[in-house]
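To keep things clear, I will list the structure first and then write my remarks on it.
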Amino acid sequence: MSTIMIRIQDGRIYSLNYSHPFKLINDGKFFSMNDWTVTIKDSHNGRPGRIVCHAEREYSDGPAICHREFKLADGIVGLAGGNICDRYAFFRSNEFQDFLNKHGITAVKHEDPNQKFSGFVSWSGRGEATITVESDGEVDHDFESNCSEGVELATGYSHYAVSGATWAIVTVNNFYGDNRNYARILYSNVRNVTTLDSVLPITK
Numbered sequence: 036m037s038t039i040m041i042r043i044q045d046g047r048i049y050s051l052n053y054s055h056p057f058k059l060i061n062d063g064k065f066f067s068m069n070d071w072t073v074t075i076k077d078s079h080n081g082r083p084g085r086i087v088c089h090a091e092r093e094y095s096d097g098p099a100i101c102h103r104e105f106k107l108a109d110g111i112v113g114l115a116g117g118n119i120c121d122r123y124a125f126f127r128s129n130e131f132q133d134f135l136n137k138h139g140i141t142a143v144k145h146e147d148p149n150q151k152f153s154g155f156v157s158w159s160g161r162g163e164a165t166i167t168v169e170s171d172g173e174v175d176h177d178f179e180s181n182c183s184e185g186v187e188l189a190t191g192y193s194h195y196a197v198s199g200a201t202w203a204i205v206t207v208n209n210f211y212g213d214n215r216n217y218a219r220i221l222y223s224n225v226r227n228v229t230t231l232d233s234v235l236p237i238t239k
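The sequence shown begins at 36 in the numbering used here and counts up by one.
Given below as structure tokens:
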């Protein structure tokens, strides 16, 4: 299961991006789905309110737990699926989520954008897979074909090398075979990436 996204508004769980069964009780203060529970703790005795995210599952070698807490505010909570040991939770303010939506960004990695990016590429009867790189720096592209000589270049690997950049956006669109994956990731060492708002490509 991919990441569950739920919206927190006015101290309550307001909506989510899934149509699968879930539990939402206590007037929107408690949510349960896919081994995740989210509890809204109101401020008390001067202590600020909290968003408590907890996932726990029993495995053959014992219990595994993922636990995160965030200051209560309006925004988006993301809850990753998969093995509990590999799970994570994050909180994004409404303003930050609007910034991501404007540029079609699904995730941010605070890494040097001046690096190499590679990915599988195919246009065939099994589906389509692409990887593209946008940047304010120089982008060198090379395609490595898996096809025999004389066959139209339809399957292989794209390699990108970015240099002289302050940001790079890597878009992976993989609907090939059983894969169903789309990601548009911003790479930058800029601490507050919203300051890049005026220079990033707009998709919305």
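Glycine is no exception: its CB is placed at the ideal position from the N, C-alpha and C atoms.
Counting C-beta neighbours from all protein chains within 10 Å, is the total for residue i 16 or more, i.e. buried, or is it exposed?
i, result
"Arg122", "buried"
"Tyr217", "exposed"
"Asn110", "What sits at residue 110 in the sequence shown is Gly, not Asn. Gly110 should be labelled buried."
"Ile237", "exposed"
"Glu184", "Note that Glu184 has pLDDT 49, beneath the 50 cutoff, so the model's placement of it is unreliable and no number is given."
"Asn61", "exposed"
"Ser153", "exposed"
"Ala189", "exposed"
"Ala142", "exposed"
"Asn136", "exposed"
Closest to residue i by CA distance: which of the options is it?
i, options, result
"Glu93", "Val87, Cys101, Phe134", "Cys101"
"Ile39", "Gly97, Pro98, Phe126", "Phe126"
"Asp96", "Lys58, Phe105, Cys120", "Cys120"
"Lys144", "Lys76, Gly113, Asn227", "Asn227"
"Gly113", "Trp71, Asn181, Arg215, Ala99", "Trp71"
Who are the near neighbours of residue i in its chain, counting only those whose CB is closer than 7 Å to its CB and skipping five residues on each side?
i, result
"Thr229", "Phe131, Phe134"
"Ser159", "Ala189, Thr190"
Where do the ends of the beta strand (DSSP E) carrying residue i lie?
i, result
"Leu51", "47–51"
"Asn118", "Looking at the DSSP string, Asn118 is not in any beta strand (DSSP E), and its letter there is neither H nor E."
"Asp177", "173–180"
"Ser157", "151–159"
"Thr238", "That residue, Thr238, is in no beta strand (DSSP E); it is neither H nor E in DSSP."
"Asn209", "203–211"
"Arg42", "39–44"
"Ala200", "Per DSSP, Ala200 belongs to no beta strand (DSSP E) and is neither H nor E."
"Asn216", "216–222"
Quick check on the DSSP output: the alpha helix (DSSP H) that includes residue i runs from which residue to which?
i, result
"Glu130", "129–138"
Given residue i, which residues of its chain have a CB within under 6 Å of its CB, disregarding the five upstream and five downstream residues?
i, result
"Asn149", "Val197, Ser198, Ala200"
"Tyr211", "Ser157, Arg161, Gly162, Ala164"
"Gly63", "Arg47, Ile48"
"Glu179", "Gly191, Tyr192"
"Ser128", "Gly110"
Using only the heavy atoms of the ligand ADP, determine whether one of them is closer than 7 Å to the beta carbon of residue i.
i, result
"Asn69", "The ligand ADP is not part of the structure shown, which contains no ligands of any sort."
For residue i, collect the residues of the same chain with a Cβ closer than 8 Å to its Cβ; drop the 5 residues on either side in sequence, then sort them by chain order.
i, result
"Glu204", "The sequence shown places Ile at residue 204, not Glu. Excluding sequence neighbours, Ile204 sits near His138, Ile140, Val168, Glu169, Ser170, Arg219, Ile220, Leu221, Tyr222, Leu235, Pro236."
message = Extract the residue ranges of the alpha helix (DSSP H) inside the stretch 56–113, only unbroken runs of 4 or more that lie entirely within it.
response = none
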